[in-house]
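Structure first, commentary second.
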Amino acid sequence: MGESRGRWSFRSLGFPAPELQWEVRTSSGLLVGICDWAWPKYGLLGEFDGRVKYGRLLRDGQEPGDAVFDEKKREDLLREETGWPMVRFVWRDYERPSEIGRRLDRWLPRFRDLPA
Numbered sequence: 003m004g005e006s007r008g009r010w011s012f013r014s015l016g017f018p019a020p021e022l023q024w025e026v027r028t029s030s031g032l033l034v035g036i037c038d039w040a041w042p043k044y045g046l047l048g049e050f051d052g053r054v055k056y057g058r059l060l061r062d063g064q065e066p067g068d069a070v071f072d073e074k075k076r077e078d079l080l081r082e083e084t085g086w087p088m089v090r091f092v093w094r095d096y097e098r099p100s101e102i103g104r105r106l107d108r109w110l111p112r113f114r115d116l117p118a
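First residue of the sequence shown: 3, per our numbering; consecutive thereafter.
Structure follows, in C-alpha cells:
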C-alpha cells in the first residue's frame with residue numbers, strides 16, 4: 003500500500019512514473035535485489051519503508067535492529083552495483099508532499115520542466 007501511495011504522490015507532483023519492482027543484477031546476471039521503484043533513465047532507485055518490514059515480517063530470532071542492519075547492507079549492495087543513489091520514503095513523508103518533491107527534484111525532472 004505504501005508503494006502505491008508513493009506512485010500516486012510522484013505522479014501528482016509531476017514526476018515521471020517509476021518502474022516497479024526493479025531487479026538489480028550483477029553483470030553476470032546474479033540477482034542482487036529488487037527495489038520498490040526505479041527511474042533507470044535518471045539513475046535513481048527508491049524504496050518505501052513500512053513498519054511491517056521491521057515488525058511482523060521478522061524471521062524467527064531476528065531482532066528489529068538486525069533487520070535494519072540487513073536492509074542497510076542490501077541498500078549498499080544495490081547502490082554499489084548500479085552506481086545510483088537511493089531515496090527512501092516512510093508513511094510520514096506522504097503527509098508532506100512538498101518534502102517528497104524537494105527530495106526528488108535533485109534527480110528527476112517534473113513534467114512542467116520537460117520540453118513540449
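Even glycine gets a Cβ: it sits at the ideal position worked out from N, Cα and C.
For residue 67 and chain C, any beta-carbon pair shorter than 7 Å? Protein chain content of the structure displayed is limited to a single chain, and chain C is not contained in it.
Report whether the distance from the Cβ of residue 51 to the nearest heavy atom of the ligand NAP is below 6 Å. The ligand NAP is not among the ligands present in this structure, which contains no ligands whatsoever.
At what residues does the beta strand (DSSP E) containing residue 49 begin and finish? 46 to 50
Can you look up residue 92 in the DSSP assignment and give me helix, strand or coil? coil
Using the three-state DSSP reduction, which class does residue 86 fall into: helix, strand or coil? coil
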